[in-house]
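Below is one structure, written out as structure tokens, with a few remarks after it.
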Amino acid sequence: MVEDPASTPAEAPAREGESAEIVEYDPWEPFNTKTFWFNRQLDRFLLKPMATVWDKVLPNPLKRSIDNAFTNIGMPRRVVNNLLQLKLKGAGLELSRFIVNTTMGIAGFFDVAEELGIDKSDEDTGQTLGVYGVGPGPYLMMPFLPPLTVRDGIGYGIDTLLDPLSYVLPFGTRMVMKGGKTVNDRSLNLERFESVEKATLDLYSAVRSAYLQRRQKAIEE
């Protein structure tokens with residue numbers, strides 16, 4: 254199942270002053286542009302239609318609850334990477350959020366922690382590698398995946414090992430759940446995707462620039 258290839262159009266151009274100037278190292282641009290086109294067609298003819306139906310069938314609060322539940326399951330990745338970056342407060346916040354939302358939030362379907370003022374501290378392995386001085390490497394577009402750099406691709410692979418569902422569910426079940434998450438995510442961003450695509454002339458360059466700036470900002474924080 255796809256890993257939200259449509260996440261590429263959702264990367265709107267960064268706002269002015271959002272981050273320091275980034276060198277957009279893209280030596281594989283011919284391959285990347287072809288893959289970007291493929292992912293956009295996949296979104297146009299498969300993911301977006303599914304997300305549109307999903308959006309009409311499911312009320313927005315239910316879609317938000319599904320998103321909350323998947324976010325809650327991702328706690329190990331965030332806690333481990335906060336610890337690796339020596340962000341002890343962030344690790345504590347994420348662990349607290351998990352306990353509160355799993356119990357009071359009914360298995361994470363409701364973000365009670367947010368209502369209680371327990372902030373998020375979202376960290377991943379790509380950010381951790383960046384904090385320890387690993388350069389981003391070339392920009393990379395892969396079929397079925399969101400934008401990456403080589404560093405973030407390695408981090409993405411490691412992050413999958415921190416997914417608890419990988420150890421308790423059969424492969425097929427995990428793929429169905431991942432597909433459901435992808436469609437749900439897309440349905441929550443239908444208008445945003447549409448507006449970005451209409452407002453941007455060179456979507457590939459805009460996505461690349463926004464992604465690289467967003468990742469650099471996440472590392473600097």
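Here my numbering is used: the sequence shown runs in plain steps of one and ends on residue 474. Every residue, glycine too, gets a C-beta built ideally from N, C-alpha and C. Nothing here was measured: the structure is a model prediction, and the numbers come from that model.
In this structure, what does DSSP give as the bridge partners for residue i?
i, result
"Y464", "Answer is none; Y464 lacks a bridge partner."
"L422", "Its beta-bridge partners do not exist; DSSP assigns none."
"T402", "Y392"
Taking the beta carbon of residue i as the centre, do at least 16 other beta carbons fall within 10 Å, making it buried, or is it exposed?
i, result
"Q294", "exposed"
"P417", "exposed"
"P404", "Sequence check: residue 404 is Arg here, not Pro. The residue is buried, with at least 16 neighbouring Cβ atoms inside 10 Å."
"S512", "Nothing in the structure corresponds to residue 512, since the chain is present only between 254 and 474."
"K342", "exposed"
"M328", "buried"
"Y392", "buried"
"P283", "exposed"
"K340", "buried"
"E474", "exposed"
"T402", "buried"
"F298", "exposed"
"V449", "buried"
"E347", "buried"
Within its chain, find whatever has a CB closer than 8 Å to the CB of residue i; leave out the 5 residues flanking it on each side and keep chain order.
i, result
"N334", "E376, D377, T378, Q380 and T381"
"D455", "none"
"S440", "A304, T305, W307, D308, L311 and K316"
"K301", "A259, R439, L443 and F446"
"V387", "R404"
Would you mind giving the Cβ-Cβ distance between residue i and residue j, rounded to the nearest angstrom? I have them listed as a contact below 8 Å.
i, j, result
"T288", "P396", "6 Å"
"N325", "T355", "6 Å"
"K316", "N442", "The Cβ separation is near 11 Å, so there is no contact."
"I472", "V384", "6 Å"
Which same chain residues, not among the five before or five after residue i, have their C-beta less than 6 Å away from its C-beta?
i, result
"F323", "K434"
"L336", "A344"
"S349", "I371"
Leaving aside the five residues before and after residue i along the sequence, list all residues of the same chain whose C-beta is less than 7 Å from its C-beta, in chain order.
i, result
"V365", "V353, N354, M357 and G358"
"G406", "L393"
Inter-stretch contact at 8 Å, needing at least 3 Cβ pairs: the segment 275-292 / the segment 462-469: yes
contact_flag[the segment 405-413, the segment 422-438] where n(CB pairs < 8 Å) is 3 or more: no
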